[in-house]
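Protein chains: 2
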Amino acid sequence: MMVQECKISPSDSAADGPRVACCDLESELSVELFKALSEPNRAAILGTLATTGGQRTVGEIAECCTVDLSVVSRHLAVLRDAGILEAQKRGREVRYRLLVKPLADYLRRLADSLEACCPPREESDT
Amino acid sequence: MMVQECKISPSDSAADGPRVACCDLESELSVELFKALSEPNRAAILGTLATTGGQRTVGEIAECCTVDLSVVSRHLAVLRDAGILEAQKRGREVRYRLLVKPLADYLRRLADSLEACCPPREESDT
DNA sequence: AAGATGCTTGCATGATGGTGCAAGAGTGCA
DNA sequence: TGCACTCTTGCACCATCATGCAAGCATCTT
Chain X
1 MMVQECKISP SDSAADGPRV ACCDLESELS VELFKALSEP NRAAILGTLA
51 TTGGQRTVGE IAECCTVDLS VVSRHLAVLR DAGILEAQKR GREVRYRLLV
101 KPLADYLRRL ADSLEACCPP REESDT
Chain W
1001 MMVQECKISP SDSAADGPRV ACCDLESELS VELFKALSEP NRAAILGTLA
1051 TTGGQRTVGE IAECCTVDLS VVSRHLAVLR DAGILEAQKR GREVRYRLLV
1101 KPLADYLRRL ADSLEACCPP REESDT
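Each protein sequence line maps, in turn, to chains X and W. Numbering-wise, my numbering puts 45 at position 45 of the first sequence, and it's gapless, one number per residue. Numbering-wise, my numbering puts 1090 at position 90 of the second sequence, and it's gapless, one number per residue.
1. Which same chain residues, not among the five before or five after A128 of chain X, have their C-beta less than 7 angstroms away from its C-beta?
2. Quick test of your reading: A1111 of chain W and L1033 of chain W, contact by CB under 8 angstroms. State the CB separation rounded to the nearest angstrom.
3. Measuring only the C-alpha atoms, how far is P102 of chain X from I84 of chain X?
4. To the nearest whole angstrom, what separates the beta carbons of V58 of chain X and V94 of chain X, a pair I think is in contact under 8 angstroms?
5. Taking A1062 of chain W as the reference, which of W:R1042, W:G1053, W:L1099 and W:G1054 has the closest Cα?
6. 8 angstroms is my cut-off, CB to CB: does V58 of chain X come that close to chain W?
7. Could you check which residue in X:S113, X:V100, X:R108 and X:L107 has the C-alpha nearest to that of A50 of chain X?
8. Tell me which same chain residues have a C-beta within less than 7 angstroms of the C-beta of L1025 of chain W, skipping the five on either side of it?
9. Using a Cβ-Cβ cut-off of 8 angstroms, state whether L1104 of chain W counts as contacting chain X.
10. Would you kindly check if the distance between the Cβ of S1038 of chain W and the Cβ of E35 of chain X is under 8 angstroms?
11. Can you find the residues in the same chain that come closer than 7 angstroms, C-beta to C-beta, to E60 of chain X, ignoring five residues on each side of it along the sequence?
12. Going by DSSP in three states, L85 of chain X sits in which element: helix, strand or coil?
13. Taking 8 angstroms as the threshold (beta carbon to beta carbon), is G1053 of chain W in contact with chain X?
14. What is the DSSP secondary structure of L1098 of chain W, counted as helix, strand or coil?
15. Measuring only between beta-carbons, confirm whether V1100 of chain W sits less than 8 angstroms from chain X.
16. Please look up how many angstroms separate the CB atoms of P40 of chain X and V1078 of chain W, rounded, as I've assumed it's under 8 angstroms.
17. Under the DSSP definition of a beta bridge, which residues are partnered with R1108 of chain W?
18. Check whether the Cβ atoms of G1047 of chain W and L29 of chain X sit closer than 8 angstroms, and answer yes or no.
19. Let's test the definition: count the other Cβ atoms within 10 Å of the Cβ of D1105 of chain W and tell me whether it reaches 16, buried, or not, exposed.
20. Give the interface partners of A1111 of chain W over in chain X, defined as CB-CB distance under 7 angstroms, in chain order.
21. According to DSSP, is T1057 of chain W helix, strand or coil?
22. Would a C-beta distance cut-off of 8 angstroms place R1108 of chain W and R109 of chain X closer than the cut-off?
23. Compute the Euclidean distance between the alpha carbons of E1086 of chain W and R92 of chain X, then round it to the nearest angstrom.
24. Put R92 of chain X into one of helix, strand or coil per three-state DSSP.
25. Whole angstroms is fine: what's the gap from S70 of chain X's alpha carbon to L76 of chain X's?
26. Using three-state DSSP, classify E1026 of chain W as helix, strand or coil.
27. Are there 16 or more other CB atoms within 10 angstroms of the CB of S1124 of chain W, so buried, or fewer, so exposed?
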């Protein structure tokens, strides 16, 4: 709740090239990130920030769900601490922005790690 | 807990080609999948199944964490209902297998949907 | 048939987490 | 300085969930 650092590790795979070792998987698995995405209202918030794009104030974001604004504020903090959102204070307002690239990169890196561990078997994997 | 169907929708993006619409994002966001991955022991189970590869019995999988075997059995059911694992009963044993390809495809599809909504801005996204 | 093995399920318990309300902190305006 | 506005935080409540133990179910062995 208090940690500011980005929980999604910077895409070192890009620096190291496309090679992904098998043992990387467990370290890649960000339980906190998944936990952040595992709540319906937080998913709605993420969807809102993705579709509207750019920065949005807490009040604007809160329109996407029926819960109290304080609840939305807390959800935003969770997403921010997970490294998915970035907060920027301007005057009284706090504008949140979805960190699209880091999140998308993380998802792809995780997919790569998975398949690096277990090469897909076309005949059995559905 | 009881549902057998795969919660990860079959990769229709592959059928429709690389085009991903923005409004797809919310439907792509599988809260149940993320919830399944948001528990440390389940993440360990997934890591074990990924690194060892192939099918593993419940007893074998249970060695990866310190909790009771019944707990592991329940975690496996959650992962199976989320569409990540496949169970196959053989005699007394039940062998679980990680569905690598569907999971990896889902993660990449989600990444594509995200960037389809919000084209990455190189100057601001870290 | 009887017992052993492998796994699942019912039940109770403790921990975690989402929620609303009220209060607080920070900022802008008159 | 006082007030309105925006957001965060403390607190209490309730729901969900992870866990261990015991019992149950299915299968294999003798």
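Each residue gets a CB set at the ideal place from its N, CA and C atoms; glycine is no exception.
Walking through what the data contain:
1. With chain X covering only 1 through 126, there is no way to say anything about residue 128 of chain X.
2. Not quite, the Cβ-Cβ distance comes to about 14 angstroms (not below 8 angstroms), so this is no contact.
3. If you take the alpha carbons of P102 of chain X and I84 of chain X, they lie about 8 angstroms apart.
4. So it is a contact: roughly 6 angstroms between Cβ atoms.
5. Ranked by Cα distance from A1062 of chain W, the options W:R1042, W:G1053, W:L1099 and W:G1054 are led by W:R1042.
6. With a threshold of 8 angstroms between beta carbons, V58 of chain X makes no contact with chain W.
7. Measuring from the Cα of A50 of chain X, the nearest candidate turns out to be X:V100.
8. S1113, L1114 and C1117.
9. Note on residue identity: the sequence assigns Ala, not Leu, to residue 1104 of chain W. Answer yes: the Cβ-Cβ gap between A1104 of chain W and chain X drops below 8 angstroms somewhere.
10. Contrary to the premise, residue 35 of chain X reads as Lys rather than Glu in this sequence. Their beta carbons are under 8 angstroms apart, which means K35 of chain X touches S1038 of chain W by this criterion.
11. Around E60 of chain X: no qualifying Cβ.
12. Of the three classes helix, strand and coil, the one that applies to L85 of chain X here is strand, per DSSP.
13. So yes, G1053 of chain W belongs to the interface.
14. The answer is strand: DSSP assigns L1098 of chain W an E or B state.
15. The C-beta of V1100 of chain W comes closer than 8 angstroms to at least one C-beta of chain X.
16. The Cβ separation is near 17 angstroms, so there is no contact.
17. The bridge partners DSSP lists for R1108 of chain W come to none.
18. It is a contact, given that the beta carbons lie within the stated cut-off.
19. Its Cβ being crowded by 16 or more others within 10 Å, D1105 of chain W is buried.
20. Result: A104, L107 and R108.
21. Residue state, collapsed to three classes: strand.
22. It is not a contact, given that the beta carbons lie outside the stated cut-off.
23. One C-alpha to the other measures close to 51 angstroms.
24. R92 of chain X: coil per DSSP, three-state reduction.
25. Distance between the alpha carbons of S70 of chain X and L76 of chain X: 10 angstroms.
26. E1026 of chain W: helix per DSSP, three-state reduction.
27. Below a pLDDT of 50, predicted positions are generally treated as unreliable, and S1124 of chain W, at 47, falls in that range; no measurement from the model is reported.
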